[in-house]
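The listed protein sequences derive, respectively, from chains A and C. First residue of the first sequence? That's 17 in our numbering, and the numbers climb one at a time after it. First residue of the second sequence? That's 2 in our numbering, and the numbers climb one at a time after it.
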Amino acid sequence: MSWILLVMIGILLIPIYESAQEEDVWQRMLAFASISTKASLMILVISVLRDDWMIGLVGVLILSLGNASLMLLAHILRRVNQS
Amino acid sequence: MSFSVLGPAVLSGLSYGCMGIGLWFWLWGTWPLLGDRSVLYKLHGLSVSDTLGSMLIILGLLWKIPREWPLLILALISLAIWNTVLGYVLAYCSAGNGELAERQALARALESSAAGNALAPDTISSDLTGEVSHDG
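Pasting the structure below:
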């Protein structure tokens with residue numbers, strides 16, 4: 017099972033690199049949304065591997081709260097760009 | 002939840018297959034981030050591949066360890082709802098800026114032309130700004 021985690025870490029490096037080198041704020045938001053989903057899925061995989069409910073709960077919370085907070089951030093950025 | 006009808010080898014194969022396809026989806030959607038395409042193009046690929054790939058990975062986990070099904074099904078539902086809504090909101094917010102700038106430029110042009118034609122510029126500008134604020 018650990019090969020899955022290794023492949024996930026490899027794929028996670030792509031949006032991390034993109035968010036570090038991109039100047040446009042929307043492209044960065046896109047990369048951050050991708051990082052959030054991937055990181056929470058990795059936490060879920062680890063929780064199933066270790067058979068630990070608590071870690072899995074943290075993964076599910078990050079999955080829903082991370083996306084919701086990114087939505088709020090997108091609206092704030094839009095308002096800032098308007099004014 | 003038990004899948005005792007299927008043998009353990011079949012279940013294991015199904016689970017690894019789902020996870021492998023999910024990882025391939027992830028890579029397929031994330032790779033275009035490195036290119037120079039528009040935000041909407043990247044957003045489309047990324048939201049489709051992230052949602053479907055993650056759901057396939059969770060399905061694989063569900064087949065692997067069915068004992069944790071409440072957590073994994075909660076993750077599946079929140080993934081399906083929130084990732085879709087986030088994709089829509091990001092597209093709306095990132096694409097709305099150009100449209101808004103166009104409308105503001107149009108409002109300014111109308112205002113100046115109305116002032117030139119001795120019309121009441123306040124009514125036109127307030128109409129347009131009212132339309133813009135309704136958009137958000």
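Think of the CB as a built atom: it goes at the ideal place given N, C-alpha and C, for glycine as much as any other residue. Quick caveat: nothing in here was measured; it's all calculated off a predicted structure.
Own chain, CB closer than 8 Å to Ala76 (chain C), minus 5 neighbours either side, in chain order
Ile59
Residues, ordered as in the chain, of the segment 24-35 of chain C that lie near chain A by beta-carbon distance below 9 Å:
Leu24, Trp27, Leu28, Gly30, Thr31, Trp32, Leu34 and Leu35
I want to see whether chain C comes within less than 7 Å of Gln43 (chain A), judged by CB atoms only; does it?
yes
Taking DSSP as the reference, what is the three-state secondary structure of Ile30 (chain A)?
helix
Using a Cβ cut-off of 7 Å (strictly closer), state whether Arg94 (chain A) contacts chain C.
yes
What residue range does the alpha helix (DSSP H) around Leu53 (chain C) cover?
Val40 to Lys65
Could you have a look at Met70 (chain A) and say whether DSSP puts it in helix, strand or coil?
helix
Taking the continuous alpha helix (DSSP H) assigned at Pro9 (chain C), which residues delimit it?
Pro9 to Thr31
Residues that Leu91 (chain C) contacts on chain A, provided the C-beta gap is smaller than 9 Å
Trp42, Met45, Leu46, Ala49, Leu86, Met87 and Ala90
Between the C-alpha atoms of Pro9 (chain C) and Tyr17 (chain C), what's the straight-line distance to the nearest angstrom?
12 Å
Apart from the five residues just before and just after Ser95 (chain C), which ones in its own chain have a Cβ nearer than 8 Å to its Cβ?
Val40, Leu41 and Leu44
Does the beta-carbon of Gly36 (chain C) have 16 or more other beta-carbons within 10 angstroms, so that it is buried, or is it exposed?
Gly36 (chain C) comes out exposed.
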